[in-house]
Amino acid sequence: MNDANLDSLVERTVSNAMQQNQNQFLSDMKNVIQNQFERMEERVTNSQREMNDFQLKRLQSLTNESYVFKRKGNEAQFKFNNEVKGRLDLADTCLKDNPEQGSEKALSYISEGIELLNNSQKLVQLADMSDNGWRVVQEYETHQLASDSDDEKRIVKAEARAAKKVREEKSKKRAARRWTPWNRGQSIPTVTGAGVRGFLRYDELSSLRCKDVTFHDDFVKIYIAKSKTDQYRNGDEILVSKGKTSACPVLLLRKYFDIAEISCDSDHFLFKPMFGGKGGPKLIYQNKKLSYTRTKECIIGRLNEVVTGKNFGVHSLRAGGATAASSGDVNERCWKRHGRWRSDSAKDGYVVDSISKRLSVSQKLGL
Numbered sequence: 141m142n143d144a145n146l147d148s149l150v151e152r153t154v155s156n157a158m159q160q161n162q163n164q165f166l167s168d169m170k171n172v173i174q175n176q177f178e179r180m181e182e183r184v185t186n187s188q189r190e191m192n193d194f195q196l197k198r199l200q201s202l203t204n205e206s207y208v209f210k211r212k213g214n215e216a217q218f219k220f221n222n223e224v225k226g227r228l229d230l231a232d233t234c235l236k237d238n239p240e241q242g243s244e245k246a247l248s249y250i251s252e253g254i255e256l257l258n259n260s261q262k263l264v265q266l267a268d269m270s271d272n273g274w275r276v277v278q279e280y281e282t283h284q285l286a287s288d289s290d291d292e293k294r295i296v297k298a299e300a301r302a303a304k305k306v307r308e309e310k311s312k313k314r315a316a317r318r319w320t321p322w323n324r325g326q327s328i329p330t331v332t333g334a335g336v337r338g339f340l341r342y343d344e345l346s347s348l349r350c351k352d353v354t355f356h357d358d359f360v361k362i363y364i365a366k367s368k369t370d371q372y373r374n375g376d377e378i379l380v381s382k383g384k385t386s387a388c389p390v391l392l393l394r395k396y397f398d399i400a401e402i403s404c405d406s407d408h409f410l411f412k413p414m415f416g417g418k419g420g421p422k423l424i425y426q427n428k429k430l431s432y433t434r435t436k437e438c439i440i441g442r443l444n445e446v447v448t449g450k451n452f453g454v455h456s457l458r459a460g461g462a463t464a465a466s467s468g469d470v471n472e473r474c475w476k477r478h479g480r481w482r483s484d485s486a487k488d489g490y491v492v493d494s495i496s497k498r499l500s501v502s503q504k505l506g507l
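Just so we're aligned, residue 141 is where the sequence shown starts under the working numbering, counting upward by one.
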């Protein structure tokens, strides 16, 4: 074989080898590009499917959020359940569409759902341990981006904020329920007159019920259900005669019944706090006794308008009535019974003798 033939053979051999390599390279490139396109198409399809699923879940969530709950606790629980359910639905979609390649994403969604549940369990325990309950949880979640990253400090601060808000709300509720004092009510003269004429203690006076008062033509009968000296709770009656002056306790009591529109059959307390209504002073609607402090303040104020420089108290009504009876021509046994005293020593302790009576002792000696 000459050199020319040899060169031609080598050239053809090299050319064939290069052609085969090019064909193989092009075939491999085609396969690679085709695989890449298939994977890209699969990823786009999965992304589109996930986007569609997400939009569908979001639409369902918005539909659920349009429902107006009556209780905030139910609304919070419903939203949390929806959030966990959304994670599980996405995991379920990944496993159904592509069991092999979707397992990692499904595991990620399931992990997010577990994390949500763990956080919820922590909040439930926090609410149960605190006296302020879920209010602490609200403060804890509201201030998650606080300057202190320590979780324990955040819990303590949330507890303090919740306790402060509870105190403020209770204070506002008490202020809203507080009745405005009414200084021009008709009850103070009536209380004073009944206390003096009936020799009534404050406990007896404040415990009177509307049904305990019975009006007659010339007197009024007051039933005392229980008293300090009535150990067996048998009850007692007091008769108060009608007077002739404007300070007559019977007339004042009758006027009080008319103005306050009180029914004689009512089981409510006779004397209750008042408030300033649009049509004038009215008794409160609650069945509540008079405040001892407020009553004492009003009675002493009225008594000081008449006599100044005296050390008055609520018990001055009973003592004043007993002193007036002892100074007049009243049977001692009768006014002792009227005051429901069991002994003469107890009765005499309420009587304040005047200077003239005390001087009469030495005057009777005739020295």
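Even for Gly, the Cβ is constructed at its ideal location relative to N, Cα and C.
Span separating the alpha-carbon of residue i from that of residue j
{"i": "Lys304", "j": "Cys388", "result": "53 angstroms"}
{"i": "Gly420", "j": "His408", "result": "21 angstroms"}
{"i": "Lys513", "j": "Glu445", "result": "Missing from the structure shown is residue 513; the chain here goes from 141 to 507 and no further."}
{"i": "Phe397", "j": "Leu391", "result": "10 angstroms"}
{"i": "Gln426", "j": "Leu393", "result": "21 angstroms"}
{"i": "Lys312", "j": "Lys219", "result": "31 angstroms"}
{"i": "Asp469", "j": "Thr463", "result": "12 angstroms"}
{"i": "Gly253", "j": "Glu178", "result": "32 angstroms"}
{"i": "Gly375", "j": "Thr354", "result": "15 angstroms"}
{"i": "Ala286", "j": "Leu263", "result": "Summary for Ala286: the model assigns pLDDT 45, below 50, so the residue's position carries little reliability; its value from the coordinates is reported in the next sentence. Ala286 and Leu263: Cα-Cα distance of roughly 18 angstroms."}
{"i": "Asn222", "j": "Asp271", "result": "29 angstroms"}
{"i": "Glu279", "j": "Gln174", "result": "56 angstroms"}
{"i": "Ile440", "j": "Tyr432", "result": "12 angstroms"}
{"i": "Ser167", "j": "Gln159", "result": "12 angstroms"}
{"i": "Val360", "j": "Asp405", "result": "15 angstroms"}
{"i": "Asn323", "j": "Arg301", "result": "For Asn323, the predicted model reports a pLDDT of 45, less than 50, meaning its position is unreliable; a value from the coordinates is still stated below. Approximately 39 angstroms between the Cα atoms of the pair."}
{"i": "Ile364", "j": "Trp274", "result": "50 angstroms"}
{"i": "Arg442", "j": "Lys395", "result": "19 angstroms"}
{"i": "Lys297", "j": "Thr435", "result": "44 angstroms"}
{"i": "Ser483", "j": "Gly416", "result": "45 angstroms"}
{"i": "Asn156", "j": "Ser148", "result": "12 angstroms"}
{"i": "Asn214", "j": "Arg307", "result": "25 angstroms"}
{"i": "Leu499", "j": "Met414", "result": "46 angstroms"}
{"i": "Arg227", "j": "Gln164", "result": "47 angstroms"}
{"i": "Gln265", "j": "Asn258", "result": "11 angstroms"}
Proximity of residue i and residue j at Cβ, strictly below 7 angstroms
{"i": "Arg480", "j": "Thr369", "result": "yes"}
{"i": "Val224", "j": "Leu247", "result": "no"}
{"i": "Arg458", "j": "Arg349", "result": "no"}
{"i": "Val276", "j": "Glu309", "result": "no"}
{"i": "Lys412", "j": "Lys428", "result": "yes"}
{"i": "Ala267", "j": "Tyr249", "result": "no"}
{"i": "Val514", "j": "Ser466", "result": "Given a span of 141 to 507 for the chain in the structure shown, any question on residue 514 remains unanswerable."}
Residue i at chain C interface by Cβ criterion, 7 angstroms
{"i": "Phe415", "result": "The structure shown contains no chain C, having only a single protein chain."}
Residue(s) in a DSSP beta bridge with residue i
{"i": "Lys361", "result": "Thr354 and Leu379"}
{"i": "Lys422", "result": "Phe415"}
{"i": "Arg349", "result": "Phe409"}
Among the options, nearest to residue i - alpha-carbon criterion
{"i": "Leu430", "options": "Lys395, Lys384, Cys474 and Ser346", "result": "Ser346"}
{"i": "Ser367", "options": "Glu344, Leu166 and Cys474", "result": "Glu344"}
{"i": "Lys384", "options": "Glu244, Ile364, Asp358 and Ser406", "result": "Asp358"}
{"i": "Ile424", "options": "Phe452, Leu410 and Asn161", "result": "Leu410"}
{"i": "Ser260", "options": "Glu437, Glu472 and Gln217", "result": "Gln217"}
Are three or more beta carbon pairs between the stretch 379-387 and the stretch 395-412 nearer than 8 angstroms? These segments do not touch.
Any contact between the stretch 205-219 and the stretch 227-247? By contact I mean 3 or more CB pairs, one from each, below 8 angstroms. Between the stretch 205-219 and the stretch 227-247, the count of C-beta pairs closer than 8 angstroms stays below three; the two stretches do not touch.
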